[in-house]
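Notes to accompany the following structure.
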Amino acid sequence: MIIRFATIFTVIALGFVCVLIKIVAIQTFEREQWMKIAEQQEKANLIIQPRRGNILDANGNLLASSLPQYYIYMDTRVEALHLKGGKLFYEYVDSIADGLSRIIGDNSAAAYRQRMVKAYRGKRYKECCIKLSDKRINFIQKKQIEQLPLIKRGLYKSGVYFETQNRRAKPYGSLASRTIGNLYGQEQKGYSGLEMQFDNYLRGKEGVSTRQRVAGRWQNVPVREAENGCDIVTTLDANLLDICETALRARLDKTQADWGCCILMETHSGEIKAICNLDRTEDGNYYESANHAVTRVEPGSTFKTIALMAAMDDGKIDIDDTVSVTRKPWMYNGLKHTDAHPNDTVYTVRSALAISSNIALAKIITESYEKKATKFVKKLTEMGITDSVYIEIPGATNPLIRVPKDAGTLSKMSYGYSVELSPIQIIMFYNGIANDGKMIRPFLVKEIRKNGRTIEQFETSVVKSALCKHSTLEDIKLALHDVVWDDSLAGTASVIKGTRIRKAQSQLVHIAGKTGTAQISENGRYYNNRHRMTFVGYFPEEDPQYTCLCMIQHPRNAGGYDAGLDCGIVVRQIAEKTIATTGFTIYKRGQKHFVKR
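For the sequence shown, position 501 matches number 685 in the working numbering, and the numbering has no gaps at all.
Encoded structure:
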């Protein structure tokens with residue numbers, strides 16, 4: 185009895201020792217081998233990618249959408265392909281190769297056949313499971329391939345399966361492409377424009393699936409369904425986008441400028457209906473590559489309206505007061521001020537703005553605010569010009585308007601140097617003039633929708649309820665009218681004297697606005713042969729519905745620099761087509777709408 189017990193105990197003890205030895209061996213000498221086997225056997229959770237939300241225009245047209253594309257794979261280890269010596273595989277390999285070559289078109293049938301046969305004869309997983317084509321196919325091509333012989337019998341007969349890859353598509357091509365934005369490759373994460381600003385809404389939430397054995401086969405079984413992204417409804421209008429880009433591109437092609445941008449804004453709501461940014465590349469063509477519309481620059485003469493409004497509203501000057509200008513440069517505090525208008529004459533303040541006299545504006549502002557520059561900037565602040573205005577485009581810059589340290593800088597500020605505004609801030613100010621003094625924030629997104637239901641809505645917001653006194657506003661409007669319609673003075677956006685060439689002056693719709701020309705500064709130095717041209721205006725002048733800005737950088741014109749010609753023509757073309765497209769009243773040719781005092 186004792187011997188039997190001792191024998192059993194010894195056997196159990198030896199077994200226990202063997203187990204301990206094996207455990208130690210596995211944990212030390214065999215660890216790496218068993219870890220590799222574990223990795224192969226692990227049924228890890230798989231991420232289910234959600235569908236990224238769409239970006240729509242105001243009319244429901246798709247501006248950006250995720251379209252499924254597919255890679256095609258073949259696993260030649262499928263059991264059915266190896267039965268009866270591979271009869272099924274060799275019977276259909278030629279027809280599959282022919283079909284793939286015809287539908288995808290990136291390789292010959294012989295190349296496809298060679299690739300499949302090589303995989304079929306392979307021994308290792310990487311040799312047997314292959315990507316049949318490096319080219320992504322669309323949904324229609326996928327359906328055609330699924331009808332090929334043998335493939336239509338399914339994965340477990342043919343070994344052919346598809347991997348879905350979502351591609352972000354812009355159905356309208358380059359229209360507002362920079363504003364809409366782009367994604368980081370396959371990460372489906374926005375890195376510019378609205379794609380970046382509203383990424384958290386558009387991206388959705390990932391789901392999770394796990395590999396489980398169902399009916400004897402491994403399948404992906406969802407544990408948590410993916411939550412698709414929300415849709416973003418913008419204020420943009422695809423038709424108006426096309427109008428703006430066509431007009432801007434035509435002018436850029438003609439002038440071979442470095443870049444141009446254009447903004448079309450609805451006057452009463454602040455909705456941006458179109459925004460275009462085109463840069464000239466080395467091949468001479470224009471593409472959307474930078475968002476100039478929200479990047480601050482020295483505005484040039486478009487700032488004269490702002491400076492003059494401040495002086496008039498402070499009671500420093502009246503619209504009918506006069507100011508003298510000379511053909512010679514005017515020296516002030518060691519700085520030289522020149523005009524493009526050669527005659528010695530006297531202008532009213534109204535006419536000085538219409539012909540955009542640098543000397544006149546410099547005299548007005550320095551006489552009004554000499555040694556009181558802080559008061560000048562304070563007035564600009566009261567008008568809302570220095571406010572940081574939120575716009576739904578990442579990277580938008582704030583205005584730069586500082587109290588000048590000397591009188592010379594103040595004189596330069598009067599006509600748009602030593603200050604910086606972005607085009608979106610310039611158009612916001614002029615839209616305030618068109619909107620009877622109420623300055624409203626430009627905005628790009630109207631609402632966010634989830635499964636067709638609105639979950640967040642954005643509306644018009646007021647930056648400044650009144651830019652200035654009503655009398656000041658009416659006087660400024662008269663001067664902006666003359667910029668376009670005073671032929672006798674030759675307002676800077678009216679006509680070219682001695683010709684019938686019209687700038688912003690349209691026979692179909694009345695436009696009022698202001699030109700701006702600024703020498704371009706590089707490394708602190710201004711160049712006489714490099715200019716930035718601008719025209720910003722509103723229409724129809726009698727009842728403004730839209731405000732439009734065009735800015736062009738360094739046009740290469742043989743005849744000199746003319747903002748009314750380069751940018752005024754663009755705004756005129758946009759205004760005429762916009763009014764015709766949207767159905768607003770077109771005023772009859774020659775109709776009088778302002779009475780000169």
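For every residue, glycine included, the Cβ atom is placed at its ideal position computed from N, Cα and C.
If you're wondering where the values come from, they're calculated on a predicted model, not measured in any experiment.
By the Cβ test, the region 363-381 is in contact with the region 346-355, since at least three Cβ pairs between them sit closer than 8 Å.
Per DSSP, the unbroken beta strand (DSSP E) holding residue 456 starts and ends at 456-464. Unbroken alpha helix (DSSP H) runs of no fewer than 4 residues, entirely contained in the region 677-715, are not found. With fewer than 16 other Cβ atoms inside 10 Å of its own Cβ, residue 384 counts as exposed. Spanning the alpha carbons of residue 691 and residue 237 requires a straight line of approximately 44 Å. When the five nearest sequence neighbours on each side are left out, the beta carbons in the same chain lying within less than 8 Å of the beta carbon of residue 656 are those of 493, 496, 497, in order along the chain. Linking residue 544 to residue 591 through their CA atoms gives a straight-line distance of about 16 Å. Note on geometry: alpha-carbon atoms of residue 301 and residue 318 lie some 18 Å from one another.
Just so you know, the alpha carbons of residue 677 and residue 610 end up roughly 17 Å apart. Apart from sequence neighbours up to five positions away, the residues of its chain that approach residue 437 with a beta-carbon distance below 8 Å are 470, ordered along the chain. Annotation note: the region 501-555 contains the following uninterrupted beta strand (DSSP E) runs of length 3 or greater, listed N- to C-terminal: 506-509, 514-516, 519-521, 529-532. For the region 318-386, the continuous beta strand (DSSP E) assignments of 3+ residues that do not extend past its boundaries occur at 344-353, in sequence order. One thing to note: residue 257 has its Cβ no nearer than 8 Å to the Cβ of residue 330. For residue 637, the enclosing beta strand (DSSP E) has its first and last residue at 637-641. Under a 10 Å Cβ-count criterion, residue 599 is classified as buried, with 16 or more other Cβ atoms of the shown protein chains found around its own Cβ.
In this structure, residue 549 lies away from residue 490, with their beta-carbon atoms at least 8 Å apart.
Three or more pairs of CB atoms, one per stretch, sit closer than 8 Å, so the region 695-705 contacts the region 749-760. Per the C-alpha coordinates, the member of 324, 356, 414 positioned closest to residue 635 is 414. Within the same chain, 593, 596 come within 6 Å of residue 602 by CB-CB distance, once the 5 residues on both sides are set aside.
In this structure, the straight-line span from the alpha carbon of residue 198 to that of residue 191 is close to 11 Å. With 16 or more other Cβ atoms from the protein chains shown falling within 10 Å of its own Cβ, residue 253 counts as buried. Closest in C-alpha terms to residue 247, from the list 732, 628, 745, comes 628. Taking a C-beta distance under 8 Å as the contact criterion, residue 736 and residue 444 qualify as a contact pair. Inside the region 405-488, DSSP marks whole beta strand (DSSP E) runs of 3 or more residues at positions 415-418, 443-450, 456-464, from first to last along the chain.
In the three-state reduction of the DSSP assignment, residue 557 falls in the helix class, which pools H, G and I. Judged by DSSP secondary structure, residue 649 falls outside any beta strand (DSSP E); it is assigned neither H nor E.
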